[in-house]
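Chains as they are written, first to last, in full-length UniProt numbering: chain U, 1 to 119; chain D, 1 to 119. Some notes on the structure that comes next.
There are 2 protein chains.
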Amino acid sequence: MSFDPATLVYDDAGLIPCIAQDADSSEVLMMAWMNAESVTRTLETGRVTYWSRSRKSFWIKGESSGHVQKLVELRLDCDRDCLLALVEQAGPACHTNRRSCFYTALRNGEEVEIMTPMA
Amino acid sequence: MSFDPATLVYDDAGLIPCIAQDADSSEVLMMAWMNAESVTRTLETGRVTYWSRSRKSFWIKGESSGHVQKLVELRLDCDRDCLLALVEQAGPACHTNRRSCFYTALRNGEEVEIMTPMA
């Protein structure tokens, strides 16, 4: 079936969450938001393009930092209200310079940092 | 630092997205929502407990289907507005009986089913 971004289920703000996962290591790198046009641009350019809710603008991941996400494959879930982007991530995905944004684990009721910033 | 679920960043509905990832295979299984009490219950019981937006009630994953998610580790992201649950998933995570909800890939502009329901 031919894919139309308009058939995805967006929230009241017209956004859909997108999980970025390292296509090689399967590490979950981050989660950010897309609107329909972000989805279209991501598929057309092969560069993962989110919608920045704070800046209210398109956010071509890595455009300023160089830490680009090259799309390997975009997948959607059963409810069509969440996306999974398999990516090749250049350097850190997180703005803190860590490979993944999920660097804090909860262990025995404590927050534990399990990842250090990349050199 | 001791963890307090109230320090997470929830949306206007008091919810935070939680990505469930298979702790062994690293496969991303699903994404659903939690409120602060879901987070507390998940940590206390070791059974991943979402908040069902449609039913407006707690949703102990697998309570009716038997396809439970045993929590291995809960992680939070840099913005504290997204969770990653590493889980042991019994059987399929998806209500369609597929292992993962992300069984549809976009390939050459087409929707392609890449996973069949489990036996």
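Built from N, CA and C at the ideal position, the CB exists for glycine as well. Values in this document were obtained by computation on a predicted structure and should not be read as measured data.
- When 7 Å is used as the limit between beta carbons, Met118 (chain U) is near no residue of chain D, the shortest such separation being about 14 Å.
- For Ser57 (chain D), the closest Cβ of chain U is not nearer than 7 Å.
- With fewer than 16 other Cβ atoms inside 10 Å of its own Cβ, Pro117 (chain U) counts as exposed.
- Per the Cβ contact rule, the segment 57–65 of chain U is not in contact with the segment 34–43 of chain D (fewer than 3 Cβ pairs under 8 Å).
- The Cβ atoms of Leu29 (chain U) and Asp22 (chain U) lie closer than 7 Å to each other.
- Chain-order list of chain U residues neighbouring Gln69 (chain D): empty, with the shortest C-beta distance near 15 Å, by a criterion of under 9 Å.
- Annotation: Ser64 (chain U) has no Cβ neighbours in chain D at a cutoff of 7 Å; minimum Cβ distance is about 17 Å.
- Interface residue (Cβ-Cβ distance to chain D less than 7 Å): Ile19 (chain U) is classified as such.
- Boundaries of the alpha helix (DSSP H) harbouring Ala36 (chain U): 36–45, taken from the DSSP string.
- With a cutoff of 7 Å on beta-carbon distance, Val112 (chain D) and Ala119 (chain D) are scored as not near each other.
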